[in-house]
Amino acid sequence: MSDTLLSNIPVAYASCREYDVPLIRRQITALFHTLNIGQNVFCGKVILVKPNLVMAKKPELAATTHPAVLQALAEVLAEFAPKKIIIADSAGGPYNLPALQVLYRTCGLSPLDKLPLVELNTDCGFSDVEMEDGQRLRHCHMINPAVQADVCINVCKLKTHGLTGLSCATKNLFGLIPGVEKFEMHATFPQIEDFSEMLVDISEYMRTHTEYIALCDGIMGMEGNGPTHGTPVSSGLLLASRSPYALDVVAEHIIGCENAAIHLDAAAARGLVSRNWQDIPLLFCEDTAEMASYSFRKPASSSGKFLKNLSGIMGGRLAEAFAARPAIRASGCVGCGVCVQSCPVHTISLEKKKQKKIAVIHPEKCIRCYCCQELCPKGAVVLRKNPLIRWIH
Ligand code: SF4
Ligand code: SF4
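Everything in the sequence shown is counted per this note's numbering, starting at 625 for the first residue and increasing by one.
Here it is, written out as structure tokens:
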């Protein structure tokens, strides 16, 4: 596909205020119809439905794709007679059957495998994937359902994200990297520019190796300390596109976080999308009059354009020096050790203080990936802004 065509891939928009399965089913049908996606895409195919299951959290907390959206989507897809609909993701942590079962149960997905043609993935294997066109990744491991899929439906959430600015379609496919290998990726790509290019490499692999559709659950979004510890916001919309980047640029605009995501700069530099949302054709479904507009609170780590402008200087070390630092809130820490296991550079330890074990961060090696903050089940990791950045904002 030429660059010109790529930048013209439309985004379809539908209002949807409630997690009501018949209503969502109607709106997903309208979105697919608007984008001319139908029988020819799905009939007889193995469909990967990739939700955002970043960690085991209840659906109402808006960290994960809502099960009502997945049910409605599965019901729409079943009408197109696919071979199989497989719902699969790998959260940040161990990728094994007990962990998947906890994830499905907590995120409200367990009843979905009773639906016709639907399987909740239980295969914890992965495969080696070659990326001939990868700019940072030449090969990586991906979970088996991703490698075996004919069609990929990336059912992302509309959320802010402490590290990348935006957790929507492009970032969501990072979950195809199995379990703790995601932490290794953070260690391999400690600079945000390299990490962002790597995200685009993964996204491009799926976009070019499958019939690809991004579908955003923005019925409830998340503002503030996303992707896991932010505040749910009623945002009342569903978006769909054949381009994850076009969908993300429009999503950034809707939540008032324009130009926040460096991975979208990387995609734009490759000619995959325009960085101006007004260049992207927006198609409204029948009963949707206009685009919503919000001003989502930014994550505590957010530093606006300042760090972004520093990111190319001194190999990113200057930006790193000014980036928000993680710190443990001792009163909230229960010493579970999740942060210790998730730190890609092993710079957190559990230590005994006042008769209880708490996590301690040794900041010298910290690469500011914020995995500890993202995955702490108690929200006991806080991000402290550099005083200069605090003063600027
Ligand atoms: S900071 Fe959070 S993840 Fe780390 S040990 Fe304490 S409670 Fe567990
Ligand atoms: S301490 Fe936290 S932010 Fe720093 S490298 Fe470890 S996981 Fe990442």
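Beta carbons: idealized from backbone N, C-alpha and C, even for Gly.
Quick caveat, the model's predicted, so the values are computed rather than measured.
Inset, instruction - Please classify Q979: is it buried, with 16 or more other beta-carbons within 10 angstroms of its beta-carbon, or exposed? - result: Around the CB of Q979, fewer than 16 other CB atoms lie within 10 Å, so the residue is classed as exposed.
Inset, instruction - Report all residues from its chain with a CB closer than 8 Å to the CB of N778; omit the five preceding and five following residues, and keep chain order. - result: So the list reads K674, A793, N796, L797, M830, Y836, I837, A838, L839, P868, once near-sequence residues are dropped.
Inset, instruction - Check whether the Cβ of V962 sits closer than 7 Å to any heavy atom of ligand 1, and report yes or no. - result: Because some heavy atom of ligand 1 lies under 7 Å away, the Cβ of V962 counts as near it: yes.
Legend entry - For I982, the three-state DSSP class (helix, strand or coil): Note: I982 maps to strand in three-state DSSP.
Inset, instruction - Taking C960 as the reference, give the member of N660, C967, C780, P1001 with the closest Cα. - result: Closest by alpha carbon: P1001.
Legend entry - DSSP beta-bridge partners of V1005: Note: V1005 sits in a beta bridge opposite I952.
Legend entry - Cβ separation of G850 and H810, assumed to be a contact under 8 Å, to the nearest whole Å: Their Cβ separation, rounded to whole angstroms, is 17 Å, which puts G850 and H810 out of contact at 8 Å.
Legend entry - DSSP state of S714 mapped onto helix, strand, coil: Here S714 sits in coil by DSSP.
Legend entry - Distance CB(L672)-CB(V775) smaller than 8 Å: For L672 and V775, yes; Cβs fall inside 8 Å.
Legend entry - Residue closest to P802, alpha-carbon to alpha-carbon, out of S820, L862, Q815, A770: Residue A770 is the option with its Cα nearest to P802.
Inset, instruction - Measure the alpha-carbon distance for L685 versus M679 and round it to whole angstroms. - result: Using only the alpha carbons, I get a separation of about 11 Å.
Inset, instruction - Check I709 in the structure and name its three-state DSSP category. - result: In the structure shown, I709 adopts extended strand secondary structure according to DSSP, grouped into three states.
Legend entry - Paired residues, beta bridge with I837 - DSSP: Answer is I777, bridged to I837.
Inset, instruction - Starting from the Cα of A947, find the closest Cα among I661, L790, S966, L1007 and give me that residue. - result: If you compare the alpha carbons of I661, L790, S966, L1007 with that of A947, the shortest gap goes to L1007.
Legend entry - Coil, strand or helix - F704 by DSSP: Per DSSP, reduced to three states, the secondary structure at F704 is coil, with no helix or strand assignment.
Legend entry - Spatial distance of C993 from A715 (CA atoms): Within the model, the alpha-carbon separation for C993 versus A715 is close to 16 Å.
Legend entry - Alpha carbon of D752 to alpha carbon of L721, nearest angstrom: A straight-line Cα-Cα distance of about 20 Å links D752 and L721.
Inset, instruction - Could you spell out the range, first to last residue, of the alpha helix (DSSP H) harbouring F807? - result: Taken as a continuous stretch (DSSP letters only), the alpha helix (DSSP H) holding F807 covers 805–812.
Inset, instruction - Could you tell me if N900 is buried or exposed, where buried requires 16 or more neighbouring beta carbons within 10 angstroms of its beta carbon? - result: By the 10 Å Cβ count, N900 comes out exposed.
Inset, instruction - With a cut-off of 8 Å on the beta carbons, I'd call I982 and A951 a contact; round off their distance for me. - result: With a contact defined as Cβ atoms closer than 8 Å, I982 and A951 miss out at about 12 Å.
Inset, instruction - Buried or exposed for Q651, please, with buried defined as at least 16 other CB atoms from any protein chain shown within 10 angstroms of its CB. - result: Buried, by the Cβ-count rule.
Inset, instruction - Label N664 either buried or exposed according to how many other C-beta atoms from any shown protein chain fall within 10 Å of its C-beta, with 16 as the threshold for buried. - result: Per the 10 Å Cβ criterion, exposed.
Inset, instruction - Mark C909 as exposed unless 16 or more other C-beta atoms lie within 10 angstroms of its C-beta, in which case mark it buried. - result: C909 should be labelled buried.
Inset, instruction - Could you tell me the distance, in whole angstroms, from the CA atom of K738 to the CA atom of A696? - result: It is roughly 13 Å from the alpha-carbon of K738 to the alpha-carbon of A696.
Inset, instruction - Could you check what DSSP says for K922 in three-state terms: helix, strand or coil? - result: Assigned with DSSP and collapsed to three states, K922 falls in coil, not helix or strand.
Legend entry - Top-ranked residue by Cα proximity to T912, from L862, D747, H887, S925: For the residues L862, D747, H887, S925, the minimum Cα distance to T912 belongs to L862.
Legend entry - First through last residue of the beta strand (DSSP E) which encompasses Y637: Bounds of the beta strand (DSSP E) holding Y637 are 635–639.
Inset, instruction - Quickly, what does DSSP pair V673 with across the bridge? List them, please. - result: Beta-bridge annotation (DSSP): V673 is paired with I711, I777.
Inset, instruction - Taking 8 Å as the threshold, find out whether the stretch 694–713 comes into contact with the stretch 641–657 through three or more Cβ pairs. - result: Segment contact: the stretch 694–713 against the stretch 641–657, three or more CB-CB distances shorter than 8 Å; contact assigned.
Legend entry - Paired residues, beta bridge with T855 - DSSP: DSSP, once it has assigned bridges, lists E847 as partnering T855.
Legend entry - Any non-hydrogen atom of ligand 1 closer than 7 Å to V1037 Cβ: As displayed, the chain neither begins before 625 nor continues past 1017, which places residue 1037 out of reach and without an answer.
Inset, instruction - Determine the closest residue to A705 out of P740, K976, S925, with distance taken between C-alpha atoms. - result: Minimum Cα distance to A705 is reached at P740.
Legend entry - Per-residue burial, S820 [other beta carbons within 10 Å of its own, 16 or more giving buried]: It is buried - the Cβ of S820 has at least 16 other Cβ atoms within 10 Å.
Legend entry - Spatial distance of A638 from S865 (CA atoms): Separation of A638 and S865 (C-alpha to C-alpha, rounded to the nearest whole angstrom) is 12 Å.
Inset, instruction - Would you tell me roughly how many angstroms separate the C-alpha atoms of I633 and L888, rounded to the nearest one? - result: About 15 Å.
Legend entry - Euclidean distance between Cα positions of D818 and R760: Cα to Cα, the separation comes out at about 7 Å.
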